[in-house]
Amino acid sequence: MKNLVVCILLTLFLAIPQITFADEAYEAKMLVNMSSMTLEKFVKEKTEDPIRKFLRDSKGIFICPQFLKGAFIFGVSGGSGVFLVWDQKGKEYNGPAFYTLGGVSIGLQGGGSSSEVILLFMTDRGVSAMLGSNLKLGVDVEIAFGPVGGGAKAGSSNLSADVIGYYTSKGLFGGLSLDGG
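Residue 71 in my numbering sits at position 33 of the sequence shown; the count goes up by one each step and never skips.
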C-alpha cells in the first residue's frame, strides 16, 4: 500500500515541470502539493477503513484539497483538484489533469463549509464520465460515500458504485435546495 501512495505522489510531483507559464506553474505546484498532503492525511487517518483497498482497485483518483460551499438562499460551491488515471497496464498513474468543479443552488439554505474531497473512480464508466465535459455525480455515474469526518459516519454497502467518495468537512451548512452543475 505504501508503494501505491508513493507512486501516486511521485506522479503528481513529476508532472509539475510540464506546465509552462510561471503563475500557472506555481498554482499547479501548490495544488499538487496540497493534493498530496490531503491524500497522505486520508490514508493515515482512515486506518480502520477500506480506503486502501479501494485505492488499489481504483482506475482513477480525483483529489480536491479545498472544496468550498456557501449559501444564503442562493448558493455556490466549487474547488480545484487533480485527477490521475491508471495506464492501460495498471502499472502507473497518468496525469495529473487539473479540474475545477462547481455548482449553484437555490432554496431554503444557509451557511458555509470547507471540505477536502477524494473521489476514487472504480469503473471505466466513471473515468470516462470524469474525462467528459459535464460530469454530474449521481446522474452520470453512481457514487457511494465512505466514512466521513466531523464525527459523522456515512457508509454504503453498495460496492458496485462507479465512484467512491471520501471527505472531511469544516463549517456549518444546512437547508433544502435545488442544485445545478
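All C-beta atoms in this analysis are idealised placements derived from N, C-alpha and C, irrespective of residue type, glycine included.
{"Check": "Bounding residues of the beta strand (DSSP E) (the contiguous stretch that carries A109)", "Outcome": "98-124"}
{"Check": "Limits of the alpha helix (DSSP H) - the one that A167 falls within", "Outcome": "162-169"}
{"Check": "Proximity to L157 [Cα-Cα], best of P134, G145, I99", "Outcome": "I99"}
{"Check": "Reduced DSSP secondary structure (H/G/I, E/B, other) of K208", "Outcome": "strand"}
{"Check": "N- and C-terminal bounds of the alpha helix (DSSP H) containing K127", "Outcome": "Unbroken run through K127: none, as it is neither H nor E."}
{"Check": "Cβ-based burial, Q147 [other Cβ within 10 Å; buried from 16]", "Outcome": "buried"}
{"Check": "Buried versus exposed, by CB contacts within 10 Å (16 or more), L2", "Outcome": "The structure shown does not extend to residue 2, since the chain is modelled only from 39 through 219, so no value can be given for it."}
{"Check": "Distance CB(K107)-CB(S115) smaller than 9 Å", "Outcome": "yes"}
{"Check": "Residue range of the unbroken alpha helix (DSSP H) whose run includes D95", "Outcome": "89-95"}
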